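Asker: Just so you know, we're using numbering that gives the first Met the number 0 here: the sequence shown kicks off at 0 and counts up by one.
Just so you know, even glycine gets a beta-carbon here, dropped at the ideal spot from N, CA and C.
Remember, predicted model here, so these are calculated numbers, not experimental data.
So that we are looking at the same thing, I have put the structure below in structure tokens.
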Amino acid sequence: MNTNSTTRRTFTAIAVAAALGATAISSQARAEYVEPNIEHPAYGEVRMVVPIATDDEWVWTFRLRNIGNAIRGAADWEGETRVKVELYGPGLRMLVDPSDKLAASIDYLRGEGVEFEVCNNTMRALDLNWQSLYGVEEKDIVPSGFLDHSDAEGA
Numbered sequence: 000m001n002t003n004s005t006t007r008r009t010f011t012a013i014a015v016a017a018a019l020g021a022t023a024i025s026s027q028a029r030a031e032y033v034e035p036n037i038e039h040p041a042y043g044e045v046r047m048v049v050p051i052a053t054d055d056e057w058v059w060t061f062r063l064r065n066i067g068n069a070i071r072g073a074a075d076w077e078g079e080t081r082v083k084v085e086l087y088g089p090g091l092r093m094l095v096d097p098s099d100k101l102a103a104s105i106d107y108l109r110g111e112g113v114e115f116e117v118c119n120n121t122m123r124a125l126d127l128n129w130q131s132l133y134g135v136e137e138k139d140i141v142p143s144g145f146l147d148h149s150d151a152e153g154a
């Protein structure tokens with residue numbers, strides 16, 4: 000028997016076993032959702048500071064979706080949110096010509112009272128005009144996004 004043929008069959012058997020195992024796991028993960036009976040105190044006022052310092056659009060979308068979920072979740076549990084999004088470093092690129100979907104998410108959150116704060120240090124470093132950033136008003140600009148984020152976290 001050829002060693003290469005045996006090796007190939009062994010790898011094929013391992014791959015098939017792995018695929019079957021993955022199929023079994025994925026079918027378990029797809030079990031139908033069952034509503035739990037959650038007992039939880041009212042949230043009251045929830046303050047959040049969400050830093051965005053990456054130029055990864057997937058991360059932007061994920062964070063914005065999390066914020067929307069938090070706002071709805073707090074409302075469902077007798078709470079209200081005060082949310083600030085701190086945009087600094089590469090994260091500021093989120094407001095440079097956002098896609099329609101991203102712009103709609105930003106608009107929705109602004110309509111829910113979410114504040115988007117923009118780092119002046121980053122604008123200077125990237126040579127960006129604040130008037131060209133999506134929906135930014137002069138009142139949204141902070142001297143240092145990282146510092147404002149750190150200050151809010153410590154409060």
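Taking LEU101 as the reference, which of ALA74, ARG62, ALA41 has the closest Cα?
Answerer: Ranking the options by Cα distance to LEU101, first place goes to ARG62.
Asker: Taking just the CA atoms, how far does GLY110 sit from GLU116?
Answerer: One C-alpha to the other measures close to 15 Å.
Asker: CA-CA distance, VAL141 and LEU86?
Answerer: Answer to the nearest angstrom: the Cα atoms are 10 Å apart.
Asker: Span of the beta strand (DSSP E) holding LEU86?
Answerer: That run of the beta strand (DSSP E) goes 78-86.
Asker: Check whether the Cβ atoms of GLY78 and ALA41 lie closer than 8 Å to each other.
Answerer: A contact, by the Cβ cut-off of 8 Å.
Asker: Throw me the rounded Cβ distance for the VAL82 and VAL49 pair, which I believe falls under 8 Å.
Answerer: That pair is a contact at about 7 Å.
Asker: To the nearest angstrom, how far is the alpha carbon of ARG92 from that of ASP99?
Answerer: If you take the alpha carbons of ARG92 and ASP99, they lie about 15 Å apart.
Asker: Kindly give me the distance between the Cβ atoms of LEU84 and VAL113, rounded to whole angstroms, as I take these residues to be in contact under 8 Å.
Answerer: The displayed chain sequence assigns Val, not Leu, to residue 84. Yes, they are in contact, since the Cβ atoms of VAL84 and VAL113 sit about 6 Å apart, within 8 Å.
Asker: In angstroms, rounded to a whole number, what distance separates the CA positions of ALA69 and LEU127?
Answerer: Rounded to the nearest angstrom, the two C-alpha atoms are 31 Å apart.
Asker: So, for HIS148: in the same chain, excluding its five sequence neighbours on each side, which residues have a beta-carbon less than 8 Å away from its beta-carbon?
Answerer: Cβ within range, chain order: VAL48, PRO50, GLU85, TYR87.
Asker: Can you say whether ALA124 is buried or exposed, counting buried as having 16 or more other CB atoms within 10 angstroms of its CB?
Answerer: Label assigned to ALA124: exposed.
Asker: ILE140 by DSSP, collapsed to three states: which one?
Answerer: Residue state, collapsed to three classes: strand.
Asker: Per DSSP, which one or two residues make a beta bridge with VAL48?
Answerer: Its beta-bridge partners are LYS83.
Asker: Starting from the Cα of TYR133, find the closest Cα among SER104, GLY72, ILE66, VAL33 and give me that residue.
Answerer: The shortest Cα separation from TYR133 among SER104, GLY72, ILE66, VAL33 belongs to SER104.
Asker: Grab me the residues of TYR107's own chain with a C-beta within less than 8 Å of its C-beta, minus the 5 sequence neighbours each way, in chain order.
Answerer: These residues qualify, in order along the chain: GLY67.
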